[in-house]
Amino acid sequence: MNAVEQLREALGDIVDTDPTALEAARSDRSGHAAPGTPVAIVHALTVQHVQQVCRIATATCTPLVLRGAGTGLAGGANAGAGEIVLSTARMTAVHEISADDLLAVVEPGVLNADLNDMLAPHGLWWAPDPASRSISTVGGNIATGAGGLLCAKYGVVRDAVLGVDLVLADGRLLRLGHRSVKGVTGLDLTSLVIGSEGILGVIVGATLKLRRLVEGTTCTIAATFEGVRAAAGASAAVTAAGIQPAIMELMDAASLAAVAALLDLPVPREGTAQLTIQTDGPAAAVEADAVAAVLQAHGGTVELTHDREEGEQLLTIRRSMHPAMAALGTTLIEDVSVPRSAMPAMFDEIARIERAYGLTIPTVAHAGDGDLHPNFIFPDPEPPAHVWAAADELFRAAIALGGTLTGEHGIGTLKSRWLAEELGRDQWEIQQQIARVFDPLGILNPGKVFTEHA
């Protein structure tokens, strides 16, 4: 029997070969698809299902692509010809919520926003706040090392995970990490798995580090500037002033105009860039006044609200960026990070690349931590050569400014050609050797992250 036949015999109707489902599994939210079509999807419901799939895949040397909600932006969950998709999207249980220990034990398929809805009655929350929080899973957040709007103050996923349950390619189950606040026994394999994009094993559970809900009010500031460099300079000035907003998001003129068109809002003045900043906690009002003063001193036109609902409406503009870009065409959504002081210089580099290649590159940024999302828009299913050339310059510019290829989306397939350049050849090879310890046959997410390019 081949692998699919063995899966059907062992697992029955959770093995899905519906053509529509298989076609959907070829792509994620990046807009790009794998060549060919996978042979089956297994909708795992239990850890035992995952282990059985891995054992059969190992015995038959069948490549296995791991998938959650499919909301990734780097092609990391895209499945192609001859591959089996192992989906954990239906593993949605929350096994434990401990207010005393500030932790939760969850399965990987629970949605980020749904988890926080369940935690709220306990006076708790899980801090990672990706813009896709209503559709992205906790397992996917961990696998990609996700970030989001609140990272500058409350940290990324790596800062909010105590332990991970991991099924290896051969079906063994590892319980990594700890439940205690401190824990340094042995090597930190939990941190190794976070952001590993499915090449080390299948995340089937997680022990999450929670926070108590922030007391006090929330204040939100929207400030417009005559240009994106001025907005970037103002955001750097807020950081330099020692103020720690919960959220500080920057939108350039092109992204602001696209969202205005999507939401049927008034068309912003040409060249206008916007900072949206939120303060929280007992000192929120005082901090908001201090932020407003800094922004005004740097040429910003400031609107400030102490109303939480009005603040969320202002943030809706930023959270609508991805659908606004999708409405313009196929989008290559990039994700470079630079030191916060280098933000104005990175926007200068983006402007230079736009001029050099005759492109408009709508860009938003988590200005509080230096993470930028430049968007390349084109009409065809795959990026044309001049877009890849422009992206190449953009990545090299970020690295030259002391930055990195990706702050939160991961490498997947779309950035693998640049990985060795950032890491250096020796580290690139050592990381592959580590991956082979976990997956000697190389059947997990093949073609992702570590790929040779001519």
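Numbering (my numbering), first residue to last: 161 to 614. The beta carbon of each residue, even a glycine, is placed where N, CA and C say it ideally should be.
Of all the CB atoms in chain B, is at least one closer than 8 Å to the CB of residue i?
i      : result
Pro195 : The chain inventory of the structure shown lacks chain B, comprising one protein chain alone.
Verify whether the separation of the beta carbon atoms of residue i and residue j is less than 8 Å.
i      : j      : result
Val202 : Leu246 : yes
Ile216 : Leu167 : yes
Val362 : Val327 : yes
Glu430 : Ala413 : yes
Phe436 : Ala382 : For clarity, residue 436 is Thr in the given sequence; the question names Phe instead. Yes, they are a contact pair.
Leu284 : Leu373 : yes
Ala527 : Ala420 : no
Ile244 : Thr222 : yes
Ile537 : Met485 : yes
Pro405 : Thr439 : yes
Gly235 : Leu574 : yes
Thr491 : Gly191 : yes
Arg186 : Ala239 : yes
Going straight from the alpha carbon of residue i to that of residue j, what length do you get?
i      : j      : result
Ala253 : Val270 : 7 Å
Gly323 : Leu532 : 29 Å
Ala418 : Ala397 : 27 Å
Val547 : Phe610 : 22 Å
Ser296 : Leu579 : 25 Å
Glu542 : Ala550 : 14 Å
Asn605 : Gly305 : 16 Å
Asp178 : Leu171 : 16 Å
Leu425 : Leu368 : 39 Å
Val175 : Leu349 : 31 Å
Arg512 : Ile559 : 16 Å
Ala163 : Thr220 : 6 Å
Phe555 : Ile603 : 29 Å
Trp388 : Glu509 : Position check: residue 388 holds Val in this sequence, whereas Trp was assumed. Near 12 Å, if we compare the C-alpha coordinates of Glu509 and Val388.
Gly570 : Gly355 : 7 Å
Ala241 : Pro522 : 34 Å
Ala291 : Gln592 : 31 Å
Pro539 : Gly607 : 26 Å
Ala184 : Ala193 : 9 Å
So, for residue i: in the same chain, excluding its five sequence neighbours on each side, which residues have a beta-carbon less than 6 Å away from its beta-carbon?
i      : result
Thr399 : Arg500
Asp529 : Cys311, Ala312
Ser497 : Gly530, Asp531, Gly563, Thr564, Gly567
Ala390 : Gly459
Gln211 : Val327, Gly331
Ala273 : Arg293, Ser294
Ala450 : Ile403
Trp588 : Ala580
Glu447 : Ile403, Thr439
Asp277 : none
To which residues does DSSP link residue i through a beta bridge?
i      : result
Leu410 : Leu435, Ala525
Val245 : Ile201, Val225
Gly323 : Gly337, Thr367
Trp548 : Answer is none; Trp548 lacks a bridge partner.
Ile257 : Ala264
Glu463 : Ala382
Asp118 : It is not possible to answer for residue 118, since the shown part of the chain is limited to 161 through 614.
Val213 : In DSSP, Val213 forms no bridge with anything.
Asp176 : Ile201
Leu455 : Answer is none; Leu455 lacks a bridge partner.
Ala193 : Ser187
Given residue i, which residues of its chain have a CB within under 8 Å of its CB, disregarding the five upstream and five downstream residues?
i      : result
Glu169 : Met161
Leu416 : Pro428, Thr432, Ala433, Gln434, Ile477
Thr248 : Ala204, Val210, Leu226, Arg227, Gly228, Glu267, Pro268, Gly269, Thr297, Gly299, Val362, Ile363, Val364
Leu333 : Val207, Gln211, Asp325, Leu326, Val327, Val364
In its own chain, which residues sit with a C-beta less than 7 Å from the C-beta of residue i, not counting the 5 before and 5 after it?
i      : result
Ala287 : Leu310, Tyr314, Gly315, Ala320, Arg371
Ala614 : For Ala614, the pLDDT reaches just 47, beneath the cut-off of 50, and the residue's location in the model is therefore unreliable, although a value from the coordinates is still provided. Nothing meets the Cβ criterion.
His338 : Leu322, Gly323
Ala452 : Ile381, Val462, Leu464
Ile594 : none
Review point. At which residue ranges does the stretch 355-408 contain complete beta strand (DSSP E) runs of 3 or more residues, listed in the order of the chain?
Key: If we require 3 residues or more, the beta strand (DSSP E) runs fully inside the stretch 355-408 come out as 362-369, 377-385.
Exercise for review: Return the chain-ordered ranges of every beta strand (DSSP E) run that is complete within the stretch 475-546 and spans a minimum of 3 residues.
Suggested key: Assignment of beta strand (DSSP E) within the stretch 475-546, counting only whole runs of 3 or more residues, yields 490-493, 523-526, 531-538 in chain order.
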